[in-house]
Structure formats: structure tokens, C-alpha cells
Amino acid sequence: MLTLSTASIIEKNKISSTGAWVMAIELHHPEGNILLVNNTEDLTLAGKKYTAFPFKLEDINEDTKQMPNVKLSVANVTGTIQRLVEKNKGLTDCEVNIRVFNTNLPDIIELEETFIINASQSKADWVVFTLGTDFSFSRRFPPVRVMKDYCPFKFKSVECGYKGYAQSCNKTLKRCRELNNSVRFGGEPTIPQGGLYASNSK
31 MLTLSTASII
41 EKNKISSTGA
51 WVMAIELHHP
61 EGNILLVNNT
71 EDLTLAGKKY
81 TAFPFKLEDI
91 NEDTKQMPNV
101 KLSVANVTGT
111 IQRLVEKNKG
121 LTDCEVNIRV
131 FNTNLPDIIE
141 LEETFIINAS
151 QSKADWVVFT
161 LGTDFSFSRR
171 FPPVRVMKDY
181 CPFKFKSVEC
191 GYKGYAQSCN
201 KTLKRCRELN
211 NSVRFGGEPT
221 IPQGGLYASN
231 SK
């Protein structure tokens, strides 16, 4: 359940208020950030200037056959967003922050959620983004190979950290201890014998 700030509860409970609840988005992309607010005029919120621009957010789809996702539609009347999408591979994997503000309390972010763009589609009037989390059951974790008695780090690399005179290392914990560098050992002695998590790397 959403917990409002004390100031917002007071604002919400006023019999009459000039403030409005507005939704804003910040889209992070390779060329910079886009800040939009679903409002009739630009607003400065939490120290950032948001451009008034039409967009709509659908309810979260929680179909049991796929990971939860939500559709974000941004107006395509100027073609600006579409050009950005086409130039940057659909903006796939870019981060989107969705925030809610009260215009009478512009420095308070009442709600903030972060999503990742999974897909995008350009239509005549709207650019539709499918937003989800960056978690995937098809993605192996951890992202590097982890073995019980084998260090994946390149000898004398930044990860290895060894700066002595030895010229070779067989990447075992025993050798790492001989070189007084076991604190930087990249293996995981605590996993079961033979335990192995395959890496995404080829």
C-alpha cells in the first residue's frame, strides 16, 4: 500500500486544493535523458524540469504465462520519440523511472517505480513501450563463472590485484595463498564440491 508523506496527506485531505496529482517519466537513453510530465505546462519537480507531453500508462499485465509488464504509450505527434527509438535499437534495455508528484509539493516524489524497456512499437499517434523488470528466468546468474577452487580472474589483472614478482599462477586457492593474495581469490570455496554456475560468456 502506498504511504503518503505527512505533507501530502494534509494536502489530500483539504476540502479545497489547487494542487493536482501528476505523473512524470524519466527515460534514460544513450544520448541523455528525456523528462516528460503528463500536464498542460512544463513543471520543475524535485529539481528537474519536465516537459509537458501526452503519455498514458496502462495497468500492469500479470499474465501467469509471462513476466509482469506494463504498456507505456508516448504521443508520436512530433515524431521525436519515434526517431529516438529508431536510432537506438528500439531503446531496448533502457531504464524508465515513473514518478508521481503533487503540484503543491513539487519537491516530494510520492511514488517512484523503475522499469526496463523490453520492446517498443511505433504507431501513427503513439510510440508504445513494453516495460518490465530487468530480471529474467532465462538469464543465468551469477553473470560470471563461479567454481569452488578455481579463480576466473586474469593473473595480475585489476580483479586479481597481485603486484608481486611471481610470473605465473595456476588459479587455485592454494596458489593464491602461497602468493599471500587469497583475499582476492575469485573462486567460491563454500559452494558444494563440484558446484558450478555456468557463465553467460562464451
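Position one of the sequence shown corresponds to residue 31 (the working numbering), numbered consecutively onward.
Quick reminder that beta carbons are idealized off the backbone N, C-alpha and C, glycines included.
Taking a cut-off of 8 Å on C-beta distances, the stretch 124-140 does not touch the stretch 104-114, as fewer than three cross pairs fall below it. The beta carbons of Leu-121 and Ile-147 sit closer together than 7 Å. In this model, Thr-110 and Asp-123 are separated by some 19 Å (Cα to Cα). For a cut-off of 8 Å, the C-beta gap from Phe-183 to Gly-162 is around 33 Å, too long to register as a contact. The beta-carbon distance between Tyr-192 and Lys-201, rounded to whole angstroms, is 11 Å. This is too long to meet the 8 Å contact definition. Here the stretch 149-161 makes no contact with the stretch 72-83; the two share fewer than three CB pairs at distances below 8 Å.
In this structure, His-59 sits near Asn-118, with a CB-CB distance shorter than 7 Å. Collapsing the DSSP output to three states places Gly-62 in a strand.
Per DSSP, the unbroken alpha helix (DSSP H) holding Arg-207 starts and ends at 203-208. Counting only residues of its own chain and dropping the five nearest sequence neighbours on each side, Ile-128 has a CB closer than 6 Å to the CB of Ile-55, Glu-143. Secondary structure in the stretch 110-192: the alpha helix (DSSP H) runs of 4 residues or longer, each lying completely within the stretch, are 110-117 in chain order. Nearest to Met-53 by C-alpha distance, out of Gly-77, Val-100, Glu-140, is Glu-140. Residue environment for Tyr-80: buried (at least 16 other C-beta atoms within 10 angstroms of its C-beta). The beta carbon of Tyr-180 lies closer than 6 Å to those of Lys-201, Gly-217 in the same chain, with the five residues before and after it left out. Here the alpha carbon of Asn-68 sits roughly 57 Å from the alpha carbon of Leu-203. The alpha carbon of Ala-154 has as its nearest neighbour, out of Glu-61, Ile-64, Ser-198, Gln-112, the alpha carbon of Gln-112. For the pair Ser-198 and Cys-206, the CB atoms are not nearer than the 7 Å cut-off.
Under the DSSP assignment, Val-104 falls in the beta strand (DSSP E) whose first and last residues are 100-105.
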